[in-house]
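Following our numbering, the numbering of the sequence shown begins with 1071 at its first residue and continues without gaps.
Ideal Cβ placement from N, Cα and C applies to all residues, glycine included.
I have placed the structure first, in the form of structure tokens, so that the comments after it can refer back to it.
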Amino acid sequence: MLEKGFLHHQENENSKHQKLASVVSKTLLYLGAFVLISAFAYLLFNSGKSDMLIGMIMPFLFAGLGLILVSWLINRAYSKLRR
């Protein structure tokens, strides 16, 4: 199979997928961290209405945590495939 060139580019394809997964994982991590930090900053700057804002900001907090969790899962899945 190697003589015919069928398995020659297999490592290159895995490398591309790992690079893409790494970029997506980092992007989701940074986006999730930005959402969490901006939600907490908004809550901090508008602390006078904090009771009303908690219910409004809660979806953003869950979204930020969800993005960070998905980033961690992608990173973990592709780190296991490398071994």
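CA nearest to the CA of residue i, picked from the options
| i | options | result |
| --- | --- | --- |
| Leu1099 | Ser1149, Lys1150, Phe1110, Leu1143 | Leu1143 |
| Ala1109 | Ala1091, Arg1146, Val1093, Pro1129 | Pro1129 |
Under 8 angstroms between C-beta atoms of residue i and residue j
| i | j | result |
| --- | --- | --- |
| Met1141 | Ser1085 | Correcting the residue type first, residue 1141 is Ser in the shown sequence and not Met. Not closer than 8 angstroms, so no. |
| Ile1127 | Ala1103 | no |
| Leu1114 | Leu1131 | no |
Simplified DSSP state of residue i, which is helix, strand or coil
| i | result |
| --- | --- |
| Asn1116 | coil |
Any C-beta of chain C under 8 angstroms from that of residue i
| i | result |
| --- | --- |
| Ser1095 | Among the chains of the structure shown, chain C does not appear; only one protein chain is present. |
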